[in-house]
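Undergrad:
Protein chains in written order, with my numbering: chain A, 48 to 57; chain B, 94 to 308.
#1: Do residue 134/B and residue 111/B have their CB atoms nearer than 8 Å?
#2: Residue 237/B to residue 305/B, Cα distance in whole Å?
#3: May I ask you to list the residues that DSSP assigns as paired with residue 238/B?
#4: On the CB-based measure, 16 or more other CB atoms within 10 Å of its CB, does residue 248/B come out buried or exposed?
#5: So what's residue 105/B in DSSP terms, helix, strand or just coil?
#6: Which of helix, strand or coil does DSSP assign to residue 280/B?
#7: Looking only at C-alpha atoms, which of 101/B, 274/B, 117/B and 170/B sits nearest to residue 242/B?
#8: Check whether the Cβ atoms of residue 240/B and residue 101/B sit closer than 8 Å, and answer yes or no.
#9: So which residues on chain A does residue 215/B lean against when the C-beta distance must stay under 9 Å?
#10: I need the boundaries of the alpha helix (DSSP H) containing residue 225/B, first residue and last residue.
#11: With a Cβ-Cβ cutoff of 8 Å, do residue 137/B and residue 161/B count as a contact?
#12: In its own chain, which residues sit with a C-beta less than 6 Å from the C-beta of residue 284/B, not counting the 5 before and 5 after it?
#13: Are the C-beta atoms of residue 149/B and some chain A residue less than 8 Å apart?
#14: For the alpha helix (DSSP H) containing residue 130/B, name the first residue and the last one.
#15: By the DSSP assignment, the alpha helix (DSSP H) with residue 151/B in it spans what residues?
#16: Is there a Cβ of chain A sitting closer than 8 Å to that of residue 115/B, yes or no?
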């Protein structure tokens with residue numbers, strides 16, 4: 048999904 | 094967010110604060126590799142291209158800004174500040190870091206999550222971060238004894254990615270489809286590069302002696 052596409056870690 | 098990742102971020106932040114303390118308190122950057130600092134500034138600039146397009150959280154945005162500003166400020170200070178740059182070990186900091194840049198970018202073109210501008214630069218930043226410490230470790234070996242703040246800087250820098258590995262293990266077991274293979278494998282390589290430094294750091298801490306890396 049779009050959500051996991053984003054890199055949410057620094 | 095989990096405790097491992099938060100601890101990792103705090104260690105990363107601590108390493109930067111220790112480095113800033115060393116440079117501003119001692120007005121000296123002896124023992125610090127400018128090449129490693131330049132590579133880290135590139136890592137953050139390449140990784141946080143999504144700073145204004147993808148909002149994750151206030152914490153995420155603030156930390157990204159802190160990392161970008163601090164890493165560029167350190168490079169600027171080591172290059173431009175008349176007092177600090179005098180103590181730069183130019184003749185010792187000779188690692189050809191352009192090879193690391195080229196290799197990381199080439200690998201990012203081949204191995205990435207999606208062949209898009211942002212994803213290629215993200216993978217590039219992950220690979221580059223794994224090897225960015227090499228000029229610094231080579232400089233420490235050449236400069237013999239290592240001052241405390243520099244040793245602590247490198248220690249926290251190495252420890253942060255080790256906590257990220259724990260974070261990836263935790264997420265692997267707690268989230269359904271968690272797969273960050275690029276970051277995981279690169280993070281393992283990155284942490285492994287610190288192995289011998291951690292060993293000599295532990296020895297110096299145990300024997301309460303000055304940290305010294307064998308040439």
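For each residue, glycine too, the CB sits at the ideal point set by N, CA and C.
TA: Reading from the atomic positions:
#1: For this step, residue 134/B is matched to residue 41 along the second chain. For this step, residue 111/B is matched to residue 18 along the second chain. No.
#2: Here residue 237/B refers to the residue found at position 144 when the second chain is read from its first residue. Here residue 305/B refers to the residue found at position 212 when the second chain is read from its first residue. When rounded, the distance between both Cα atoms is 6 Å.
#3: Taking the second chain and counting its residues from 1, the one referred to as residue 238/B is at position 145. Looking at the DSSP assignment, residue 238/B forms a beta bridge with 305/B.
#4: Indexing the second chain from 1 puts residue 248/B at position 155. Result: buried.
#5: Counted from its first residue, the second chain places residue 105/B at position 12. Three-state result, residue 105/B: helix.
#6: For the purposes of this step, residue 280/B is identified with residue 187 of the second chain, where counting begins at 1. Residue state, collapsed to three classes: helix.
#7: Locating residue 242/B in the second chain gives position 149, where the first residue counts as 1. Looking at the Cα atoms, 117/B is the closest of the given residues.
#8: Here residue 240/B refers to the residue found at position 147 of the second chain. Here residue 101/B refers to the residue found at position 8 of the second chain. Contact: no.
#9: Translated into the one-based positions of the second chain, residue 215/B becomes position 122. In chain order: 54.
#10: The sequence position of residue 225/B within the second chain is 132, counting from 1. Careful: residue 225/B lies outside any alpha helix (DSSP H) and carries neither H nor E.
#11: Within the second chain, the letter at position 44 stands for residue 137/B. Within the second chain, the letter at position 68 stands for residue 161/B. Yes, these two residues count as a Cβ contact at 8 Å.
#12: Taking the second chain and counting its residues from 1, the one referred to as residue 284/B is at position 191. Cβ within range, chain order: 254 and 255.
#13: The residue you call residue 149/B lines up with position 56 of the second chain. It does: the Cβ of residue 149/B has a partner Cβ on chain A nearer than 8 Å.
#14: Taking the first residue of the second chain as 1, we reach residue 130/B at position 37. 127 to 140 is the extent of the alpha helix (DSSP H) around residue 130/B.
#15: Sequence index remark: in the second chain, residue 151/B carries index 58 (1-based). From DSSP, the alpha helix (DSSP H) with residue 151/B extends over 151 to 173.
#16: The residue labelled residue 115/B in the question sits at position 22 within the second chain. No, residue 115/B lies away from the interface with chain A (no Cβ there is under 8 Å from its Cβ).
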